[in-house]
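Last residue of the sequence shown: 195 in my numbering, with the numbers rising by one and none dropped. Yeah, the Cβ is synthetic: ideal placement off N, Cα and C, and Gly gets one too. Note that the coordinates shown come from a computational prediction; the quantities given were computed from them, not determined experimentally. Please read the structure below before turning to the comments.
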Amino acid sequence: MADPNERNGDNGRKPGSADDADLSARLQSLDARISQASAQRAEAEPRSRPTSDSSALGQAFRLSAEFVAGVAAGGILGWIVDRLFGTSPWGLIVCLILGFCAGMLNLMRAAGMVKSARYDDKR
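Set out below in structure tokens:
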């Protein structure tokens, strides 16, 4: 039978100062490698954005206002056409569709996806 005082192949060996010094040296080496790896990772990773970006929020409001203004202008113009010419509801429907298209075009222009209407190719 096994000796109850013996643990996991320890063979009754007691830790000494040499073991403590070896463990301390290994821990210091590990700390140095971890801090070096953290510094390299921080340099390699791109900086994260702040949680609230006011310029992005302003651009979102601007783009939504461009779209809503086009649809609202088309709706108002359609309502006026219907009142003047008695073509209810066709003037409103047609002008709302045109307002939607104008709002989408304004949205794409404001986002920079389409050239501005004032762009002159002759220059």
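{"Asked": "Can you tell me where the alpha helix (DSSP H) holding D94 begins and where it ends?", "Found": "S89 to A116"}
{"Asked": "I'd like to know whether the C-beta atoms of G163 and V143 end up nearer to each other than 8 Å.", "Found": "no"}
{"Asked": "Could you round the C-beta distance between G146 and L168 to whole angstroms and report it? I think they count as a contact, below 8 Å.", "Found": "5 Å"}
{"Asked": "Using the three-state DSSP reduction, which class does G202 fall into: helix, strand or coil?", "Found": "Look at the range of the chain in this structure, 73 to 195, and you will see that residue 202 is not part of it."}
{"Asked": "Can you give the beta carbon distance from L135 to L179, rounded, assuming they're within the 8 Å contact cut?", "Found": "6 Å"}
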